[in-house]
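Using the working numbering, you'd call the opening residue of the sequence shown number 124 and step up by one each time.
Note that the Cβ used here is the ideal one computed from N, Cα and C, for glycine as well.
From a predicted model like this one, the values you see are computed outputs, not experimental measurements.
Below is one structure; the comments refer to it alone.
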Amino acid sequence: MRHAAVLLVLVLLGAAPAAQDAGRRPIPPDQVQAAVARADEAIAELQKTLVGRLKEELGRGGPAAAVTVCRDEAQQLTRSIGERHGLEIGRTSHRVRNPVNEPRGWARHWIASWAGARAADAKPATYELDNGRLGVLRPIGTMELCVMCHGQPEAVEAVIGDVLRESYPDDRATGFAPGDLRGWFWAEVPVN
Numbered sequence: 124m125r126h127a128a129v130l131l132v133l134v135l136l137g138a139a140p141a142a143q144d145a146g147r148r149p150i151p152p153d154q155v156q157a158a159v160a161r162a163d164e165a166i167a168e169l170q171k172t173l174v175g176r177l178k179e180e181l182g183r184g185g186p187a188a189a190v191t192v193c194r195d196e197a198q199q200l201t202r203s204i205g206e207r208h209g210l211e212i213g214r215t216s217h218r219v220r221n222p223v224n225e226p227r228g229w230a231r232h233w234i235a236s237w238a239g240a241r242a243a244d245a246k247p248a249t250y251e252l253d254n255g256r257l258g259v260l261r262p263i264g265t266m267e268l269c270v271m272c273h274g275q276p277e278a279v280e281a282v283i284g285d286v287l288r289e290s291y292p293d294d295r296a297t298g299f300a301p302g303d304l305r306g307w308f309w310a311e312v313p314v315n
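Quick look at the structure:
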């Protein structure tokens, strides 16, 4: 089920079958490593920025205020970080709250294969994409502070049900417990 790890090894060795089948030249390992490092730096910044903003708003106005960060700020913060690092970046999951965060086509199978896993067990992934780009996936674990908005449906409903229904009528991002794999950071990195 998690055979995509083989693809990761092939990509890191610069011999991804998709690249050979399409007549493209494999990306040299040193360029793969540089692109992955760039993605990891952007992902770390995005995580720190979003968690910082969520904690600020939780302190000011509780969970309902934290929802406004995700609804009103997260997409722009994400775009800004991507622009600063010269790549595309985002968050996704097998159960998204915001439909804008649906998995990219190249990541769909990997994300689905890890649905229901513990974050500590999840493995990062790297894919060689078209147009000389790499796709990078890094797991997002459910922290204790996340369960106010992403925990058991009944508990979330009691705390922020009204704001979630208004902001995200098709919400599927509840039912997580601390330590669960909540989703993935992704990045698409041009390789020089």
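Buried or exposed by the 16-neighbour rule on C-beta atoms within 10 Å, applied to residue i
i	result
Arg-183	exposed
Val-223	exposed
Arg-295	exposed
His-273	buried
Glu-267	exposed
Pro-262	buried
Ala-230	buried
Pro-276	exposed
Pro-292	exposed
Ala-189	buried
Glu-180	buried
Ala-281	exposed
Val-159	buried
Ala-245	buried
Secondary structure of residue i, DSSP reduced to three states
i	result
Ala-141	Residue confidence for Ala-141 is low, a pLDDT of 42 falling below 50, so the modelled location carries little weight; the figure read from the coordinates is stated next. Three-state DSSP puts Ala-141 in a helix.
Val-314	coil
Ala-240	coil
Glu-251	strand
Thr-215	strand
Asp-163	helix
Ile-234	helix
Asp-285	helix
Asp-195	helix
Ile-204	helix
Arg-305	strand
Leu-210	coil
Chain-order list of residues whose beta-carbon lies under 7 Å from that of residue i (same chain, five-residue window excluded)
i	result
Ile-204	Ala-165, Glu-168, Leu-169, Thr-172, Ile-212
Glu-311	Leu-210, Glu-211, Leu-252, Arg-256, Gly-258
Glu-196	Arg-176
His-208	Arg-161, Glu-164, Ala-165
Ile-283	Pro-186, Ala-187, Val-190, Cys-272
Rounded straight-line distance, which links the Cα of residue j to that of residue i
i	j	result
Asp-144	Asn-254	With a pLDDT of 46 at Asp-144, under the threshold of 50, the modelled position of this residue cannot be trusted; read the value that follows with caution. Distance between the alpha carbons of Asp-144 and Asn-254 is about 14 Å.
Gly-302	Cys-269	10 Å
Ala-157	Pro-226	24 Å
Arg-161	Gln-154	11 Å
Asn-315	Asp-163	16 Å
Met-271	Thr-215	19 Å
Phe-299	His-217	12 Å
Gly-228	Asn-221	17 Å
Val-279	Arg-288	11 Å
Val-192	Val-219	16 Å
Arg-202	Pro-313	16 Å
7 Å Cβ cutoff, residue i in contact with chain B
i	result
Glu-280	Within the model displayed, chain B is absent; a lone protein chain is all it includes.
Neighbourhood of residue i by C-beta, 8 Å cutoff - its chain only, sequence neighbours within 5 removed
i	result
Ala-243	Gly-264, Gly-302
Glu-206	none
Leu-200	Leu-169, Thr-172, Leu-173, Arg-176
Cβ-based neighbour list, residue i, same chain, cut-off 6 Å, excluding 5 preceding and 5 following
i	result
Val-286	Ala-187, Val-190
Arg-194	Ser-290
Handout entry: the stretch 302-310 / the stretch 231-245 touching (three or more Cβ pairs under 8 Å)
Key = yes
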